[in-house]
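Chemist: If you read the sequence shown in my numbering, its first letter stands for residue 101, the second for the next number, and so on. Cβ coordinates follow ideal geometry from the N, Cα and C atoms, glycine included.
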Amino acid sequence: MTTPSPTYYTTAELARAAQVTRRTVMHYAELGLLTPDQVTASGRALYGPYALRLLRDLIDLRALGFTLEEARDAVTLRRATHDVSGVYRRDWTRADIPIGDERLQALQVKLRTVHDAYERQADNLARFDRWLTKRFTGGQLPTAPVDLPGEADEG
């Protein structure tokens, strides 16, 4: 039986759920990439379940080689086309997206490039991952939270 996800995450709980450090969550919040859904009277940031999705998107995009600005644009696009619970809004319009056409086109080129590369390499990546997992970890993958390269010094 699984436990239900919390209604709101503290910064530490959000970090744990995404398997990153608290500092990574705080860094993205400082940059305005993650915004709390609520702030308590004492100033504690609380994040809703959709924040976890956005944080995972940021982490994944950064791991795929997207710059912080490209990741910001992708999250901005997702926020403009989805409601606060993460449900796709069919009523969005181009005016809802605060990103210029040139940057959106550059983002599309990057997405296609990464997608095409992944499609070409999917089988090799899976095979290589299985081999490395057997050889170096005895079949166990590390699960400790990590800081992503460059997170603390980008801004």
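Taking the alpha helix (DSSP H) that F236 belongs to, which residues open and close that run?
Modeler: Position 136 of the sequence shown, counted from the first residue, corresponds to residue 236. From DSSP, the alpha helix (DSSP H) with F236 extends over 201-237.
Chemist: Can you tell me whether V209 is buried or exposed? The criterion is at least 16 other CB atoms within 10 Å of its CB, across all chains shown.
Modeler: Position 109 of the sequence shown, counted from the first residue, corresponds to residue 209. Classification for V209: exposed.
Chemist: Classify Y150 as helix, strand or coil using the three-state DSSP reduction.
Modeler: Against the sequence shown, residue 150 aligns to sequence position 50. Three-state result, Y150: helix.
Chemist: Which term fits D160, buried or exposed, when burial requires 16 or more other beta carbons within 10 angstroms of its beta carbon?
Modeler: In the sequence shown, counting from the first residue as 1, residue 160 sits at position 60. Exposed, by the Cβ-count rule.
Chemist: Is it buried or exposed, L232, if we count other Cβ atoms within 10 angstroms and call 16 or more buried?
Modeler: Walking along the sequence shown from the start, residue 232 turns up at place 132. The residue in question, L232, is exposed, as its Cβ has fewer than 16 Cβ neighbours within 10 Å.
Chemist: For Y128, which three-state DSSP category applies?
Modeler: For the purposes of this step, residue 128 is taken as residue 28 along the sequence shown, with counting starting at 1. If DSSP states are grouped into helix, strand and coil, Y128 belongs with the helices.
Chemist: Rounded to the nearest angstrom, what separates A252 and T167 at their Cα positions?
Modeler: Taking the sequence shown and counting its residues from 1, one reaches residue 252 at position 152. Taking the sequence shown and counting its residues from 1, one reaches residue 167 at position 67. Confidence in A252 is poor, its pLDDT being 48 and thus under 50, which makes the residue's placement unreliable; the coordinate value appears in the next sentence. Going from the Cα of A252 to the Cα of T167 covers about 14 angstroms.
Chemist: Within 10 Å of its beta-carbon, does V175 have 16 or more other beta-carbons around it, so buried, or fewer, so exposed?
Modeler: On the sequence shown, position 75 is the one that residue 175 refers to. Under this definition V175 is a buried residue.
Chemist: What does the Cβ neighbour count give for V120, buried or exposed, with the cut at 16 atoms within 10 Å?
Modeler: Reading the sequence shown from its first residue, position 20 is the one you call residue 120. V120 comes out buried.
Chemist: L152 to A195, Cα distance in whole Å?
Modeler: Taking the sequence shown and counting its residues from 1, the one referred to as residue 152 is at position 52. Taking the sequence shown and counting its residues from 1, the one referred to as residue 195 is at position 95. Their Cα atoms are separated by approximately 26 angstroms.
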